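Colleague: Numbering-wise (this note's numbering), the sequence shown opens with residue -19 and increments by one. Where is the CB? At the ideal position from N, CA and C, for every residue including glycine. Being a predicted model, the structure only gives us computed values, none of them experimental.
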Amino acid sequence: MEIEKIFKNLILADFIVIILMVISSMYQPSEISNLYENLNDGLLSNFENFSRIVSISLFFLYLFTLNLLYRFISYGKPLYLFLVVAGIVLNYFSGSVIYTAFSGMLDQIGGLISGAILILLYFSPIKDNFK
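#1: Excluding the 5 residues preceding and the 5 following Phe40 in the sequence, name in chain order all residues of the same chain whose CB lies nearer than 8 Å to its CB.
#2: Quick check: the Cα distance between Ala96 and Val34, rounded to an integer number of angstroms?
#3: Excluding the five sequence neighbours on either side, which residues of its own chain have a C-beta within less than 6 Å of the C-beta of Phe(-5), listed in chain order?
#4: Under the assumption that Leu49 contacts Tyr60 (Cβ atoms under 8 Å), give the Cβ distance between them as a whole number of angstroms.
#5: Please report the Cβ distance between Gly90 and Met6, rounded to the nearest whole angstrom; I am assuming they are in contact, meaning their Cβ atoms lie under 8 Å.
#6: So, under 8 Å CB-CB, Ser10 and Ser83 are touching, yes? Tell me the CB distance rounded to an integer number of Å.
#7: Starting from Asn(-11), trace the alpha helix (DSSP H) in both directions and tell me its first and last residue.
#8: Are Asn109 and Phe52 touching if we call contact CB-CB under 8 Å?
#9: Measure the C-alpha to C-alpha separation of Ser54 and Lys(-15) and round it to an integer number of angstroms.
#10: Is Ser94 buried or exposed, if buried means 16 or more other CB atoms sit within 10 Å of its CB?
#11: What are the boundary residues of the alpha helix (DSSP H) that includes Ile93?
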């Protein structure tokens, strides 16, 4: 089916975008890093190790979930929804963030792709493939 091809391409695009986001965050200009140090910290700043462990765990779980969705495995669907919501909550409690133009663009594209995947998962014939 054509919609399955679109769905799988969105998952691949999401994977590529998330990898590009990681790479772009490793090569931030020093000015951005210095500004980031002076920002107000969020609620999770007091629990820095906990925050890092949760972030890294969610990242690898997200990659695993993309694989589950690509193969139409049933528990990937609710897990993906949970991870998107958990990511939003984690971002809210992490405080202010400064992006480069490229990182900001990748973040917005990632949000659009996640939204498209959720729409297809719950409101299209793709949902029948996860039974």
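Modeller: From the atom records:
#1: none
#2: 25 Å
#3: Leu46
#4: 6 Å
#5: Not confirmed; about 17 Å, so no contact.
#6: Not confirmed; about 15 Å, so no contact.
#7: -18 to 6
#8: yes
#9: 18 Å
#10: buried
#11: 81 to 103
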